[in-house]
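Shown next, in structure tokens, is the structure this report addresses.
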Amino acid sequence: MQDRDADTNGRAAQVGIDARIGKPGAACFCGAVVLALNGPPEEMGYCHCESCRAYSGAPFGAYMLWKSEDVTITTGTELVGSFNRTGMSDRHFCRRCGGHLMTRHPDLGLTDVGAGAVHGIAFAPAVHLNYSEAVLRVHDGVPKLRDFPGEVGGSGERVAE
Ligand SMILES: [Zn+2]
Ligand SMILES: [Zn+2]
Numbered sequence: 004m005q006d007r008d009a010d011t012n013g014r015a016a017q018v019g020i021d022a023r024i025g026k027p028g029a030a031c032f033c034g035a036v037v038l039a040l041n042g043p044p045e046e047m048g049y050c051h052c053e054s055c056r057a058y059s060g061a062p063f064g065a066y067m068l069w070k071s072e073d074v075t076i077t078t079g080t081e082l083v084g085s086f087n088r089t090g091m092s093d094r095h096f097c098r099r100c101g102g103h104l105m106t107r108h109p110d111l112g113l114t115d116v117g118a119g120a121v122h123g124i125a126f127a128p129a130v131h132l133n134y135s136e137a138v139l140r141v142h143d144g145v146p147k148l149r150d151f152p153g154e155v156g157g158s159g160e161r162v163a164e
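Going by my numbering, the sequence shown opens with residue 4, and the numbers climb by one from there.
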């Protein structure tokens, strides 16, 4: 199993340390880059937009969202690369393992962290964003928005599951 490599390369050990001291955080796939997360997320959910699908290589993305100042890199800063395709979203990843870390949204002052990279915080999704672009329908009873909430410039319109 490929995952055994990651487990012996430090990520499991890092996660274990953070879990023991009760601190939530996030790490890349190899564990070389670690993020500190201050306080509970502002929001948790899924995004079905083309960017999230293409970047994640999955039918939709899962995120936890914080105010940008509440997400800081504590280990491995020198390994962090970034890419900005649209001007809206600075996507940060580990240059060693390619693992996704976070996407900063400077115009909104918000940063989302890939839900799968987070440890110590239970994932409790409350919304599906950009469901009008969905390539995989999800029948989970969680509200579906056509695009984004009104507070961040979207229509806020609910659509059918
Ligand atoms: Zn890495
Ligand atoms: Zn998206």
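Here a beta-carbon is modelled for each residue, glycine too, at the ideal position from N, C-alpha and C.
Check the C-beta distance from Gly117 over to His131 and give it rounded, since I have them as a contact under 8 Å. The residue labelled residue 117 in the question sits at position 114 within the sequence shown. The residue labelled residue 131 in the question sits at position 128 within the sequence shown. Incorrect: roughly 16 Å between the Cβ atoms, too far for contact.
Among Tyr49, Glu154, Glu45, Val36, which one has its Cα closest to the Cα of Asp143? The residue labelled residue 143 in the question sits at position 140 within the sequence shown. Minimum Cα distance to Asp143 is reached at Tyr49.
Looking only at its own chain, which residues have a Cβ that is under 6 Å from the Cβ of Ile24, when we skip the five neighbours before and after it? The residue labelled residue 24 in the question sits at position 21 within the sequence shown. Bear in mind that a pLDDT of 48 at Ile24, under 50, signals an unreliable position, so the number given afterwards is only what the model happens to contain. Cβ neighbours of Ile24 within its own chain (closer than 6 Å, five residues either side excluded): none.
For Gly153, count neighbouring Cβ atoms within 10 angstroms of its own Cβ and tell me buried if that reaches 16, exposed if not. Taking the first residue of the sequence shown as position 1, residue 153 is located at position 150. Its Cβ having fewer than 16 others within 10 Å, Gly153 is exposed.
Could you tell me whether any non-hydrogen atom of ligand 1 is closer than 7 Å to the CB of Val36? Taking the first residue of the sequence shown as 1, we reach residue 36 at position 33. Under cutoff, so the answer is yes.
For Glu46, the first and last residue of its enclosing alpha helix (DSSP H): Taking the sequence shown and counting its residues from 1, the one referred to as residue 46 is at position 43. Element bounds for Glu46: not the alpha helix (DSSP H) but the beta strand (DSSP E), 46 to 50.
Looking at the unbroken beta strand (DSSP E) that takes in Cys55, where does it start and where does it end? Walking along the sequence shown from the start, residue 55 turns up at place 52. Careful: Cys55 lies outside any beta strand (DSSP E), inside the alpha helix (DSSP H) at 53 to 59.
Taking the runs of the beta strand (DSSP E) that are 3 residues or longer, which of them lie wholly in the region 65 to 111? 74 to 78, 83 to 86, 93 to 97, 103 to 108
Between the alpha carbons of Val74 and Glu164, how many angstroms are there, rounded? Locating residue 74 in the sequence shown gives position 71, counting from the first residue. Locating residue 164 in the sequence shown gives position 161, counting from the first residue. Rounded to the nearest angstrom, the two C-alpha atoms are 32 Å apart.
Can you name, in chain order, every residue of its own chain whose Cβ lies under 6 Å from the Cβ of Met67, other than the five neighbours on each side? Position 64 of the sequence shown holds residue 67. So the list reads Pro44, Met47, Val116, Ala118, Val121, once near-sequence residues are dropped.
Please state whether DSSP places Ala30 in a helix, a strand or coil. For the purposes of this step, residue 30 is taken as residue 27 along the sequence shown, with counting starting at 1. In the structure shown, Ala30 sits in a strand (DSSP, three-state: E or B).
Would you identify the three-state DSSP class for Ala137, choosing helix, strand or coil? Numbered from 1 along the sequence shown, position 134 holds the residue referred to as residue 137. Secondary structure of Ala137 (DSSP, three-state): coil.
Kindly list the residues whose CB is nearer than 7 Å to the CB of Ile76, restricted to its own chain and excluding five residues on each side of it in sequence; keep chain order. Here residue 76 corresponds to residue number 73 of the sequence shown, with the count starting at 1. If we look at Ile76 and ignore the five residues flanking it on each side, its Cβ neighbours are Val36, Leu38, Val83.
Verify whether the separation of the beta carbon atoms of Leu148 and Glu136 is less than 8 Å. Numbered from its first residue, the sequence shown carries residue 148 at position 145. Numbered from its first residue, the sequence shown carries residue 136 at position 133. Cβ distance not < 8 Å, so Leu148 and Glu136 don't count as in contact.
Using the Cβ count rule (16 or more neighbours within 10 Å means buried), how would you classify Gly101? Walking along the sequence shown from the start, residue 101 turns up at place 98. Exposed, because fewer than 16 other Cβ atoms sit within 10 Å of the Cβ of Gly101.
Given the structure, does Gly60 come close to ligand 2, in the sense that its CB is under 7 Å from one of the ligand's heavy atoms? Numbered from 1 along the sequence shown, position 57 holds the residue referred to as residue 60. No; taking the cut-off as 7 Å, the Cβ of Gly60 has no heavy atom of ligand 2 nearer than that.
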